[in-house]
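Let me begin by presenting the structure, written as structure tokens, before commenting on it.
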Amino acid sequence: MWEKKRIIVISLIVLIVISVSLTLIPKNTNKSTRDNIVNHEMASNTKSVENSTEDDEIALDNGATENKVDNKSSSQKIITNLFISMETKEFDNSINHLNNIVNKYKGYIENSDISYNNHVNNNIYKYAQYTIRMPKNSVDKFTNEINKIGNIISQSTSKEDITKEYYDTESKLNVLKIKEERILKILERAEKIDDIIKLEDELNKVIYEKESITNEMKDMDNKISYSTLIINITEVDKFSNIETTKTSFGEKIINTFNNSLYFLKLTMENIIIIVIYILPFALIIGLVYLIINKFIRKK
């Protein structure tokens, strides 16, 4: 009797163990399978981001090349620089007038340097160099009005076409924006710490490069929107005569006569200054000569 009960109990225990095993094994298998599927999807998504980003870069580069041709014809990106040298007999008034004109046309002085030790013909003259940024649309009006503050002796303009460089940089910026968006989407679904760290490192690199290119774009936009004018102002006692093919014979005679009077005046002033400069030495030498001569006579 006890032997039968024992057999029945052992049989029940074996059946329970088999049932539990059959129940647990599929669950563990399903969990392992799910982990593999998630990991495979994560890797696949990450690889997909990289591949799609590269494809986007190629597509954007190709599209940018076509767009640049169209944009170049419709919106060229030109950097304009002007160099002006001028003379003035009233230095302080010219500087004040220049500041007023700059404010009038909404420009600003980027840099200024005024020197007070320019010696010419025993006189001290002032010299100034200004770097001015002026809105592109106001440059012509500004240069026309600046003629009133002095005598312009030279003027030159240089232009730099940065259209291709500008749109190339803009295309790179667009690629980085798309890449940043895709990394953020993948980062939201990432579960493994290693994947998160790698994605965040890549995201930081993209953000840093995007900010660098953004600043480069802002600098180019500023140079395009505001022309740079370098103005040299020299204080003089007499304006330089600039004769052209249109200068008449009578005007040439008058200019020559005025130059002759000016240099005669300048020569007389220099002679008087030299005499005054030598006079103390001459008096001392003369006094010493008289003393020595008187001493020799007595002896």
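In this note's numbering, the protein residues as written are 213 to 511. Glycine is no exception: its CB is placed at the ideal position from the N, C-alpha and C atoms. Remember, it's a predicted structure, so these values are computed and weren't measured experimentally.
- By the beta-carbon neighbour count (other beta carbons within 10 angstroms, threshold 16), T446 is buried.
- Excluding five sequence positions before and after S324, the CB atoms of its chain that fall closer than 6 Å to its own CB belong to Y342, given in chain order.
- Contact check for L399 against K422 fails: the beta carbons are separated by 8 Å or more.
- Selection N308, G462, I436, E392 evaluated against T375 yields I436 as nearest (Cα-Cα).
- By the 16-neighbour rule on beta-carbons within 10 angstroms, S452 is exposed.
- In chain order, S306, I361, G362, N363, I445, T446, E447, V448 place their CB closer than 8 Å to the CB of T300, counting only its own chain and leaving out the 5 sequence neighbours on each side.
- Straight through space, the alpha carbons of Y339 and F295 are spaced by roughly 16 Å.
- Put simply, of I390, S439, I442 the residue whose alpha carbon is nearest the alpha carbon of V418 is I390.
- Considered as a whole, the region 315-363 harbours 351-358 as its complete alpha helix (DSSP H) runs of no fewer than 4 residues, in chain order.
- Distance between L441 and I485, taken at the CA atoms: about 41 Å.
- Spanning the alpha carbons of E377 and N293 requires a straight line of approximately 18 Å.
- Remark: C-beta atoms of D352 and Q288 do not approach each other more closely than 8 Å.
- Inter-residue distance for K371 and S439 is about 10 Å (C-alpha atoms, whole angstroms).
- Residue pairing by DSSP leaves I419 without any beta bridge partner.
- The C-beta of T369 has fewer than 16 other C-beta atoms within 10 Å across all chains shown, which makes the residue exposed.
- Residue I443 holds the alpha-carbon nearest to the alpha-carbon of T355 among E322, M432, I443.
- With contacts defined by Cβ atoms closer than 8 Å, M429 and E382 form a contacting pair.
- Relative to N359, the option among D380, I405, H309 whose CA is nearest is H309.
- Each residue's CA atom was taken as its position, placing F303 and I326 some 11 Å apart.
- When C-alpha distances from M432 are compared across L502, D380, K510, the shortest belongs to D380.
- One Cα belongs to E403, the other to D413, and the distance between them is close to 16 Å.
- If you draw a straight line from the Cα of I490 to the Cα of K506, it is about 24 Å long.
- Its Cα nearest to that of S366, the residue S297 stands out among T479, R509, S297, A494.
- K371 is bridged by DSSP to T292.
- In the same chain as V500, and ignoring 5 residues on each side of it, no C-beta atom comes closer than 6 Å to its own.
- If you ignore the 5 residues before and after L415, its C-beta comes within less than 8 Å of the C-beta of E392, I395, L396, L399, all in its own chain and listed in chain order.
- Residues of the same chain with a CB within less than 8 Å of the CB of I425, apart from the 5 flanking positions on each side, are T381, K384, L385, L388 in chain order.
- Under the DSSP assignment, S439 falls in the beta strand (DSSP E) whose first and last residues are 438-447.
- In this structure, the beta-carbon distance from Y320 to R345 falls below 8 Å.
- For M298, DSSP records a beta bridge to I364, I445.
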